[in-house]
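Asks:
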């Protein structure tokens, strides 16, 4: 099984290009993902992971994701290689995004988190149960 789930921040806006053969949209970006543990006396380390999103997922990423945003990506690891003009072989490992999500609270134009109203109780029902038994 080849499945990757990442949570991190975009290092820059996604770059968009289109394939020559069938004009498919491809969005590429780098995600800075914090490592889980911090060595004592050191700053937290991050890994910078290359992400590629094709088609509708790439369109979504290019349209809504911006530098600095925290996002989540679900996808798979893929490796590829090529030879440059000098005949030297190059290898790259990237994550192919199959799903992409916002992972932080929406900010208003001032950069502060918008207040989400979590007080809607229309789905709750008040009961008049005064004894200690559960109502089921």
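In the working numbering, the protein residues as written are 1323 to 1458.
Quick reminder that beta carbons are idealized off the backbone N, C-alpha and C, glycines included.
Judging by CA-CA distance, which residue of 1365, 1327, 1333 and 1377 is the nearest neighbour of residue 1346?
Replies: On the chain shown, position 24 is the one that residue 1346 refers to. With distances taken between Cα atoms, residue 1346 lies closest to 1377.
Asks: Quick check on residue 1376: does DSSP put it in helix, strand or coil?
Replies: Position 54 of the chain shown, counted from the first residue, corresponds to residue 1376. In the structure shown, residue 1376 sits in a strand (DSSP, three-state: E or B).
Asks: Give the secondary structure of residue 1385 by DSSP, where H, G and I count as helix, E and B as strand, and everything else as coil.
Replies: In the chain shown, the residue the question calls residue 1385 occupies position 63. Residue state, collapsed to three classes: helix.
Asks: Going by the DSSP bridge assignment, what does residue 1411 pair with across the sheet?
Replies: Indexing the chain shown from 1 puts residue 1411 at position 89. Residue 1411 pairs with 1405.
Asks: Can you tell which of 1419, 1364, 1414 and 1384 has its C-alpha closest to the C-alpha of residue 1394?
Replies: As a working note, residue 1394 is residue 72 in the chain shown. Per the Cα distances, 1419.
Asks: Apply the 10 Å Cβ neighbour rule to residue 1444 and answer buried if 16 or more other Cβ atoms are within range, or exposed otherwise.
Replies: Along the chain shown, one-based indexing puts residue 1444 at 122. Its pLDDT being 46, under 50, residue 1444 is placed unreliably by the model, and the measurement read from it follows with that caveat. Looking at its Cβ environment, which holds fewer than 16 other Cβ atoms inside 10 Å, residue 1444 is exposed.
Asks: Can you give the Cα-Cα distance for residue 1416 and residue 1372, rounded to whole angstroms?
Replies: The sequence position of residue 1416 within the chain shown is 94, counting from 1. The sequence position of residue 1372 within the chain shown is 50, counting from 1. Answer to the nearest angstrom: the Cα atoms are 5 angstroms apart.
Asks: When burial is assigned at 16 or more other CB atoms within 10 Å of the CB, is residue 1380 buried or exposed?
Replies: Here residue 1380 refers to the residue found at position 58 of the chain shown. Buried.
Asks: Helix, strand or coil: how does DSSP classify residue 1392 here?
Replies: Locating residue 1392 in the chain shown gives position 70, counting from the first residue. It is a strand residue.
Asks: By how many angstroms is the C-alpha of residue 1384 removed from the C-alpha of residue 1334?
Replies: As a working mapping, residue 1334 is identified with position 12 in the chain shown. As a working mapping, residue 1384 is identified with position 62 in the chain shown. Their backbone Cα atoms lie some 11 angstroms apart in a straight line.
Asks: Does at least one heavy atom of the ligand MG sit under 7 angstroms from the Cβ of residue 1340?
Replies: No copy of the ligand MG occurs in the structure displayed, which carries no ligand at all.
Asks: Rounded to whole angstroms, how far is the Cβ of residue 1399 from the Cβ of residue 1326, which I believe are closer than 8 angstroms?
Replies: Within the chain shown, the letter at position 77 stands for residue 1399. Within the chain shown, the letter at position 4 stands for residue 1326. That pair is a contact at about 6 angstroms.
Asks: DSSP three-state label for residue 1437, please.
Replies: Residue numbering aside, residue 1437 sits at position 115 when the chain shown is read from its first letter. With a pLDDT of 44 at residue 1437, under the threshold of 50, the modelled position of this residue cannot be trusted; read the value that follows with caution. Three-state DSSP puts residue 1437 in coil, outside helix and strand.
Asks: What are the boundary residues of the beta strand (DSSP E) that residue 1337 is part of?
Replies: Residue mapping note: residue 1337 aligns to position 15 of the chain shown, counting from 1. It spans 1337 to 1340 - the beta strand (DSSP E) in which residue 1337 sits, taken as one unbroken run.
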